[in-house]
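S.K.: Dumping the structure here so I can ask a few things about it.
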Amino acid sequence: MMTQLIKKLTTWHGLRHHWYGSPLLCALILLPLASWLSPMLDLEDGRTYLLYLPLGACVALLMMFDWRAIPGISLWLYGRYYLLIGAEMALLLTSIFLFSLCVAWAGYRWQVRHRWSASFGLLYQPLRRLVWLVIVLPTLFLFLLQLVIENGALPGYLGMVSANFLTLRTLINYQGVMLGILLEGHLFYIVLRIVCKPRYLWVLWAKIKTQRVAGIKPAEFLIWCVLLIVMVILLCMRRPMDPTKILLSDYTVTLLLPVLLFGAIRYGYHFITLVWSVTLLILFHHYQGFINPNNFFHNLIFISALMLVFSLCLLLMSAISSRERILMHKVSIASLLDPVFRLANLRAFNRDVEKYPRSVLCFVRVAEMDILSKNYGMRLRIQFKQQLVMGLQPHLQSEEGIYHLPGYDLVLRMNHENIEERLDKLQEYVDNFRLIWNGLPVHPNIGLAWCVVYPPVVHMPILLGELSGIAEVSLTTGKPESNKVDHSQVQGVIKQKVELLHRVQRSLDDDLFVLLAQPIAGIRGDRYHEILLRMPDEQGQMISPDQFLPIVHEFGLAYQLDMWVLKHTLVFINQYRQPLPSARFAVNFSPSTLCRPSFSQEFQQLMKMYQVEPYQIVLEVTESHLLQDFDYAMQTMRELRHFGCRIAIDDFGTGYATYDRLKSLDADILKIDGSFVTNMLNDPLDEFIVSSICQVARMKRLTVVAEYVETEEQQTALRALGVDYMQGYLIGKPQPLSSLLPGTAGQ
């Protein structure tokens, strides 16, 4: 048992983390060394310290070991003064030291909390560290020392103060203590870190390299070092003082200022702090070389104050310069990284393309990601891209890169060697790539397009747009496509889509769309009209919805277009209220519009604004499209039915799981898709489908509308099946809204 206890106490872990180990050993070695290194001179009225290092060493021990350093400090202090002045006085002097240290350290720890162990660095806790450790500690220490000396408890020759507190010698000692903590405490701390953890030497070297200005030439650094060494040697040489020569007077010290300030700005905080700490220690040990013996005491006060102010300026200037460089480095890195996806962005892509004489650009197109993002959210999009990049990375060489593009795509910069073979492997990988999302595999189609570029690339956005179009071909062919192949047909289609998109946007902005009305006649003699939309081209010819509605949905303009149609329909009803007092219109809405949370409220506000009764508007929505957001659409449909409007399900019979959905649909009207009506007289299957829809509708008490009614025979057959309303060229062709007015030609 005793053997195990002794072994536990003497292990490296025990020696390192307990007060009787490393803290005690370091204190017993460092404090005597600090005392021996302290530059001191004996004046007529007592001992004077130019640099008082023991307190700086104590601060370094506390910064390293926290309260575990106190036993070692106490043991050394008591042992030292016991040999000099006996047990009682040694206990008193040790108490003064410990009380000052404990108060200052407790105050510092209370303010910085868990950051107490942060190293002397770039403006980390600067004010708190300066106040508690550089100002409060020396002030409290000298004040307590003054009290006991004035009471005769200690001999005056041992202290740094005399019976008369307000003397210049006390000021010199006070400045010496502050300098010892401010500068040499940092030096001692670094020595302790390296001794306890030798790896810290490499950490320190990395910090020094990070803080210096980039691109410093060796010749510059060598000249600076030689200049500093020569000046220190000149200052330390003992020679007769000649006040008329600047290099032989105490004013030579001021020449250090520009040299060290240059070093502080260029070489960083940690480097200049170490250099200045060693330099100051050397200078104060050889003070006879630069302090004029004529009026020695006042010159000594001037030099001491100068060194203190100079040290503060150096530390502050070097810390600010180093901090600024580090922040600028972080900003430059952040500017090359997308903050959401954590991938290199287009800025990094353009920079890297310019580095190489020839590059292969591989455009990675992810299809249908917008639908997946809409259904599963932004997290899926982020994780999909990140996982895809992680999988592509092993297929690239070390200097090649993957870059994030806005939207759903990526671009790769690759070397030209064996490019086609490597692209085939990339295609094989993306074909097999799966993302497991909530237990389900997600695998959208991925296409690759590539080209060779030579810097400078002036029109990079245009080139990426062209690669995006070529990648659309890859989605169909299933292999990497190059811009060397003629894709003029694909490019022509893309150009037409862009032109059509611009035309749609211009028609929305300038109210260029044309509203038509096609009658829907009831078997009992009543009728209402469906609003149909046309868009004129540059020559004034009408473009059918089949051509521009896919563009509207692809680029997210469905809501704006639906609201445009609704608003202009309501304006027409309001404007011609007297000639058309009971006009009713069916307006088509996309499912994405119905799924907007604010649509129901906006719809009702427009109805009230134009004083249109709810029964005058029938909302039509395509049944097959409802599958994507069924629950959201049903909520809106219930609200609008409660408001008083009627809901019509358009193209019924063409969607998936039609009859199953019919049980849940909260609607009033079913519109049978015209593809069944057209051939119902010649195809028994179509006739059976129409008949079954009518039977189910009667069970649900829904009104049935048949589209594409073009002959009397079709009309008679539909009447026999129980259809309530007919729509088609037999009933009436689409006409401008103005044709509905009484007395208008073409009514």
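When the letters of the sequence shown are read in order and numbered with my numbering, they come out as residues 1351 to 2097.
Glycine included, every Cβ here is placed at the ideal spot set by N, Cα and C.
1) With a threshold of 8 Å, are at least 3 pairs of Cβ atoms found where one atom belongs to the segment 1812-1822 and the other to the segment 1786-1804?
2) Kindly indicate which three-state DSSP category E1880 falls into: helix, strand or coil?
3) Three-state secondary structure (DSSP) at L1762?
4) For P1806, which residues of its own chain have a beta-carbon under 7 Å away from its beta-carbon, when the five flanking residues on both sides are left out?
5) Please state the DSSP three-state secondary structure of H1975.
6) Do R1884 and F1863 come within 9 Å of each other at the CB atom, strictly closer than that value?
7) On the CB-based measure, 16 or more other CB atoms within 10 Å of its CB, does E1320 come out buried or exposed?
8) Mind pulling the alpha helix (DSSP H) runs of 4 or more residues that sit fully within the segment 1412-1479?
9) Between Q2102 and S1932, what straight-line distance do the alpha-carbon atoms span, to the nearest angstrom?
10) For H1620, I'd like the list of residues in its chain whose CB is within less than 7 Å of its CB, leaving aside the five on either flank, ordered along the chain.
11) Starting from T1827, trace the alpha helix (DSSP H) both ways and give me its first and last residue.
12) I need the straight-line Cα distance from T1972 to V1915, nearest angstrom please.
13) Which whole-angstrom value describes the C-beta separation of Y1370 and S1388, a residue pair presumed to lie in contact below a C-beta threshold of 8 Å?
14) Give me whichever residues DSSP pairs with V1609 in a beta bridge.
15) Would K1735 be called buried (16 or more neighbouring beta carbons within 10 Å of its own) or exposed?
16) Quick check on this structure: which residue in I1566, T1602 and I1752 has the alpha carbon closest to the alpha carbon of L1347?
17) With a threshold of 16 other CB atoms inside 10 Å of the CB of C1575, please say whether the residue is buried or exposed.
18) If we call anything under 9 Å between Cβ atoms a contact, is R1697 one with L1711?
19) Using a Cβ-Cβ cut-off of 6 Å (strictly less than) and excluding sequence neighbours within five positions of P2084, which residues of its own chain qualify?
20) Mark V1761 as exposed unless 16 or more other C-beta atoms lie within 10 angstroms of its C-beta, in which case mark it buried.
21) Rounded to whole angstroms, what is the Cα-Cα separation between V1921 and L2087?
22) DSSP three-state call for L2099: helix, strand or coil?
23) Within the continuous alpha helix (DSSP H) that includes C1945, where are the two ends?
24) What does a CB cutoff of less than 6 Å around S1349 pick up in its chain, not counting 5 residues either side in sequence?
25) Our contact map puts I2019 next to L2052 with C-beta atoms below 8 Å; I'd like the distance itself, whole angstroms only.
26) State the DSSP-derived secondary structure class of K1547, mapped to helix, strand or coil.
27) Give the straight-line distance between the Cα atoms of R1675 and G1613, rounded to the nearest whole angstrom.
28) Spatial neighbours of L1662 within its chain, please: C-beta separation below 8 Å, excluding the five flanking residues on both sides.
29) Can you say whether R1418 is buried or exposed, counting buried as having 16 or more other CB atoms within 10 angstroms of its CB?
30) Between F1538 and G1406, how many whole angstroms is the CB-CB distance? I'm expecting something under 8 Å.
31) Considering only DSSP beta bridges, list what N1938 is partnered with.
32) Who are the Cβ neighbours of H1754 in its own chain at under 6 Å, not counting the five residues just before and after it?
33) Only counting the same chain, and skipping five residues up and downstream in sequence, which positions put a Cβ closer than 6 Å to that of Y1431?
34) Find the nearest neighbour of M1810 within the set F1713, Q1928 and L1825, judged by alpha-carbon distance.
35) Does DSSP put R1853 in a helix, a strand or coil?
36) Which same chain residues, not among the five before or five after H1975, have their C-beta less than 6 Å away from its C-beta?
M.R.: Based on what the coordinates show:
1) yes
2) strand
3) strand
4) E1704
5) Confidence is the limiting factor: at H1975 the pLDDT is only 49, short of 50, which leaves the residue's position unreliable, though a coordinate-based value still follows. In this structure, H1975 counts as helix in the three-state DSSP scheme.
6) yes
7) The structure shown has nothing for residue 1320, since the chain only spans 1351 to 2097.
8) 1420-1435, 1437-1462 and 1476-1479
9) Residue 2102 lies beyond the stretch modelled for the chain, which goes from 1351 to 2097, so this question has no answer here.
10) L1554, K1557, I1558 and Q1561
11) M1810 to T1827
12) 17 Å
13) In fact, because the Cβ distance is near 27 Å, the residues do not count as touching under 8 Å.
14) Note: V1609 sits in no beta bridge, so no partner.
15) buried
16) With the chain covering only 1351 through 2097, there is no way to say anything about residue 1347.
17) exposed
18) no
19) L1866, Q1868 and L1882
20) buried
21) 12 Å
22) The structure shown has nothing for residue 2099, since the chain only spans 1351 to 2097.
23) First-last for C1945: undefined, no H or E at that position.
24) This structure gives no information on residue 1349, because the portion of the chain shown stretches from 1351 to 2097.
25) 6 Å
26) coil
27) 14 Å
28) L1532
29) buried
30) 6 Å
31) E1970
32) D1688, F1691, L1693 and N1695
33) A1440 and L1443
34) F1713
35) helix
36) Only weak support exists for where H1975 lies, its pLDDT of 49 falling under 50; the value from the coordinates is given anyway. The residues are P1941.
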